[in-house]
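This report refers to the structure that appears directly beneath it.
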Amino acid sequence: MPVALVTGSSRGIGAAIAERFAADGYDVAVNYHTSEDAAEETADAVRAHGQDALVVGADVADPDAAARLVDAAVDDLGGLDHVVNNAGIDQHVYTEELSPDDFDRVMDTNVNSVFNVTKAALGTLRDSDAEPTPSVTNVSSILAYTGAPIEVHYAGSKGAIISITKSHARDFAPDVRVNAVAPGHVETDMTSDRSEAEKREELAEIPMGYYGQPADIAEAVAYLRDARFVTGETLNVNGGELMR
Ligand code: NAP
């Protein structure tokens, strides 16, 4: 059975990706940082599709914890064919009030985690005989392109993910494909703090007229997993918001 590891899959987009992989016949390593109960729920959803699930608590910003996460997935599920670097955090603060520690915390969680997990998984991915090829998919954001004054560290982290994606795609071809997905506004805990006025403003910028759902991003990740001639790409999934 092919195996996928989805970081930050206790909630939101990561949980939807884990469930989508299970629906497509993958065993899934479900990773969480603080939400163990929610991660167990994701694992139950994976098992409901008849697939194996492993729940691993690990802070993917920490290189040792990321390596332990990958080892646990390989040991327990018997290999690793696809990695989805989805774990991420956001914070709304203008630069004047943003502390260096908070800047680092967002970068460590969103960017260093991609390096940590991918580096730990690379040897096993190269050994995989996944069809069409093993792959890594990184989760960026529309804010990588637009910037965001109130979350400069978050937007910067998501831009870095696009550059790392291209660099790793060049580095690991033809053995392992590496792509990114850049979601627009998706309804999850991360975006649940909007006022009604902010929601109206955001929706006015989205030609499709509604927020994305986590399953919409999972659909794009599944496409990138299966697209044999696509590597180094960032797939924008935003209801037309980036269209100019
Ligand atoms: P979410 O609902 O807040 O979920 C975040 C997930 O990341 C949780 O499972 C969380 O685990 C995990 N996580 C956070 N820090 C971690 C760490 N250090 N180690 C391991 N796991 C960690 O967010 P979401 O909206 O689903 O976002 C998922 C990804 O999509 C993020 O990379 C985000 O930047 C990106 N994104 C989201 C949107 C959007 O509109 N929602 C738009 C563009 C991009 P715990 O619950 O255990 O802490």
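Quick note on full-length UniProt numbering: the sequence shown kicks off at 1 and runs consecutively. Ideal placement from N, C-alpha and C gives every residue a C-beta, glycine not left out.
- Pairing Asp-226 with Asn-179, the inter-Cα distance amounts to about 11 angstroms.
- Straight-line measurement puts the Cα of His-153 at about 35 angstroms from the Cα of Asp-75.
- CA-to-CA, the gap between Thr-188 and Asn-236 works out to about 18 angstroms.
- Annotated three-state conformation of Arg-47 is helix, per DSSP.
- Apart from sequence neighbours up to five positions away, the residues of its chain that approach Ala-58 with a beta-carbon distance below 7 angstroms are Asn-31, Ala-65, Ala-66, Arg-68, Leu-69, ordered along the chain.
- The closest heavy atom of the ligand NAP lies less than 6 angstroms from the beta carbon of Met-190.
- Closest by C-alpha distance to His-92, out of Arg-177, Val-28, Glu-151, is Glu-151.
- Annotation for Ala-169: Val-178, Thr-231, Gly-232 place their beta carbon closer than 6 angstroms to its own, counting only its chain and skipping 5 residues before and after.
- Distances from the alpha-carbon of Pro-207 to those of Ser-192, Thr-191, His-185 put His-185 closest.
- By the neighbour-count criterion, in which 16 or more other beta carbons inside 10 Å mark a residue as buried, Arg-126 falls on the exposed side.
- Exclusion of the five residues before and after His-33 leaves Asp-59 as the residues of its chain whose Cβ lies within less than 6 angstroms of its Cβ.
- For Ile-13, the shortest separation between its Cβ and any heavy atom of the ligand NAP lies below 6 angstroms.
- Gln-51 and Ala-23 have their C-alpha atoms roughly 8 angstroms apart.
- One thing to note: Thr-118 has its Cβ no nearer than 7 angstroms to the Cβ of Ile-89.
- Tyr-32 has its Cβ nearer than 6 angstroms to a heavy atom of the ligand NAP.
- Note on geometry: alpha-carbon atoms of Asp-175 and Pro-183 lie some 26 angstroms from one another.
- Taking the C-beta atoms as reference points, Val-221 is found nearer than 7 angstroms to Val-84.
- The beta carbons of Asp-81 and Pro-132 sit about 11 angstroms from each other, so the pair does not count as a contact at 8 angstroms.
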